[in-house]
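The sequence shown maps to residues 476 to 726 in this note's numbering.
One structure is given here, and the rest of the page talks about it.
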Amino acid sequence: MNKWRCSVCGYIHEGAELPEKCPICGVGPEEFTLVIETPAPKQAGKRWKCTVCDYVHSGDTPPDKCPVCGVGSELFVLLLDEVLELTTEAVLAAGLDTANSAVDKISYGLYIVTSVKDNKFNGQCCNTLFQLTSNPLRVSVCLNKNNLTHEYLMDSGVFAVSLLTTDQTEAVRRFGYQSGRTTDKFAGVEYIAGKNGCPILKNCLAYIEASILPKKMVDVGTHTLFVADVTAGRMVANQEALTYSFYRSIK
Ligand SMILES: Cc1cc2nc3c(=O)[nH]c(=O)nc-3n(C[C@H](O)[C@H](O)[C@H](O)COP(=O)(O)O)c2cc1C
Numbered sequence: 476m477n478k479w480r481c482s483v484c485g486y487i488h489e490g491a492e493l494p495e496k497c498p499i500c501g502v503g504p505e506e507f508t509l510v511i512e513t514p515a516p517k518q519a520g521k522r523w524k525c526t527v528c529d530y531v532h533s534g535d536t537p538p539d540k541c542p543v544c545g546v547g548s549e550l551f552v553l554l555l556d557e558v559l560e561l562t563t564e565a566v567l568a569a570g571l572d573t574a575n576s577a578v579d580k581i582s583y584g585l586y587i588v589t590s591v592k593d594n595k596f597n598g599q600c601c602n603t604l605f606q607l608t609s610n611p612l613r614v615s616v617c618l619n620k621n622n623l624t625h626e627y628l629m630d631s632g633v634f635a636v637s638l639l640t641t642d643q644t645e646a647v648r649r650f651g652y653q654s655g656r657t658t659d660k661f662a663g664v665e666y667i668a669g670k671n672g673c674p675i676l677k678n679c680l681a682y683i684e685a686s687i688l689p690k691k692m693v694d695v696g697t698h699t700l701f702v703a704d705v706t707a708g709r710m711v712a713n714q715e716a717l718t719y720s721f722y723r724s725i726k
C-alpha cells in the first residue's frame, strides 16, 4: 500500500495507484507525490505567497492559479528568504519585496469560523482571529469578500469560532481548500449548534460565539475586518492548540 500526498492541501491518499483527483481540493494526480516514510531532507526552492489569501507555493515559478482563492500567478510574490546581518545598509536596501518574507514570519493559530444563513451552515478556515480587548471581551476576524462565509457573516451578524487541536489538520483541509458554494462542508462532520445558531465542531479545543458590531466592520480592500463581541464560549479539550507553523511543518 502506497501513500500519496496532495502538494496543494496535504490530503493523504492510500492505495497502490494515484487518485484521479484530490477529494478535498480537486487537483489532479500530477499534484500528488509518493510519501516516503523515512524523513527526507527539506527541498530547497523558491517560495511564492498569494497576496490575497497567504497560500504559500514552493517551486521555481508561481502556480498559474491559487488553489485556495483562485487568483492568477500575477498576484503571487516571491518570498526572499535570504537572511542578512542587520546593518544600516541592509535597512536602507530593504523594501516591500523583502517585507513579504518578514510578514510571513508572523505567527498565527488556525481556526474554523462558522455562520448561518437561511438555516444553512457554512464555515471556513481562518488564521486572522485576534483578541482585541478583554473588557469587553472583543475579537476580530478578517475574511475575503469572495468567501461564502463572508456572505453568511454579513447576513446573520454572528459567528462561532472553533479553535483547533494539533490533531485537527483534516478540518483545515475540509474548511480551507474548498468553498461551501460547491460542497456541503458539514456533511459527515459532528457539530453542535451554538446559542447564536452557528455550528461548533464537536471535537474542537475550545470555541467562542460572537456578535458582530455593525459600525465596526472595516472594508480593507479584498477583505472585511469584522470586529465582534464574544457572547459565550468554553474550553472543550486539554490539548495543544494548532498553529499555522505547525500545520506548514507537517503539510
Ligand atoms: C491555513 C489557512 C488559513 C486561512 N485563513 C484565512 C483567513 O484568515 N481569511 C480568509 O478570508 N481566508 C482564509 N483562508 C482561506 C479560506 O479558508 C478558503 O478560501 C475557503 O475555501 C473559503 O470557503 P467558503 O467560500 O466556503 O467561505 C485560509 C485557508 C487556509 C488553508
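We put the CB at the ideal spot given by N, CA and C, even for glycine.
As the structure is a prediction and not an experimental result, all values here were calculated from the model.
Q: Alpha carbon to alpha carbon, how far is L493 from R723? Give it in angstroms, no decimals.
A: Cα to Cα, R723 sits roughly 23 Å from L493.
**Q.** Inter-residue Cα distance where the pair is S533 and Y719
**A.** In a straight line, the C-alpha of S533 is about 16 Å away from that of Y719.
Q. Looking at A646 and G669, is the spacing between their C-beta atoms short of 7 Å?
A. For the pair G669 and A646, the CB atoms are not nearer than the 7 Å cut-off.
Q | Residue from K677, M692, D694 and I725 whose Cα sits closest to the Cα of M710 | A | Minimum Cα distance to M710 is reached at K677.
Q.
Let me check one thing: in DSSP terms, what residues is K540 bridge-paired to?
A. Partner(s): G547.
Q. Can you pull the DSSP bridge partners for G465?
A. The structure shown does not extend to residue 465, since the chain is modelled only from 476 through 726, so no value can be given for it.
Q: Starting from the C-beta of V591, find all residues in its chain whose C-beta is less than 7 Å away, skip the five residues before and the five after it, and write them out in chain order.
A: Excluding the 5 residues flanking it on each side, V591 has same chain C-beta neighbours closer than 7 Å at Y627, S631, G672 and C673, in chain order.
Q | Same chain, Cβ closer than 8 Å to L550, five either side skipped, listed in chain order | A | Excluding sequence neighbours, L550 sits near C525, T526, V527 and C541.
**Q.** Cα-Cα separation, A515 to V566
**A.** Caution applies to A515, whose pLDDT of 46 falls short of 50 and renders its modelled position unreliable; the value that the coordinates give is listed next. Roughly 36 Å separates the two Cα atoms.
Q: Less than 8 Å between the CB atoms is what I'm expecting for A712 and L680, so what's the real figure, rounded?
A: With a contact defined as Cβ atoms closer than 8 Å, A712 and L680 qualify at about 5 Å.
Q.
For T573, tell me which candidate among L623, Y583, Y586 and V558 has the shortest Cα-Cα distance.
A. Ranking L623, Y583, Y586 and V558 by Cα distance to T573 puts V558 first.
Q: Return helix, strand or coil for K517, following the three-state DSSP convention.
A: Because the pLDDT of K517 is 49, which lies under 50, any placement of that residue in the model is unreliable, and the question is left without a value.
Q | Beta-carbon contacts of K620 that lie in its chain and below 7 Å, excluding the five residues immediately before and after | A | Only T697, H698 and T699 meet the Cβ criterion.
Q) Is T624 near ligand 1, judged by its Cβ being under 6 Å from some heavy atom? A) Answer for T624: yes, Cβ within range of ligand 1.
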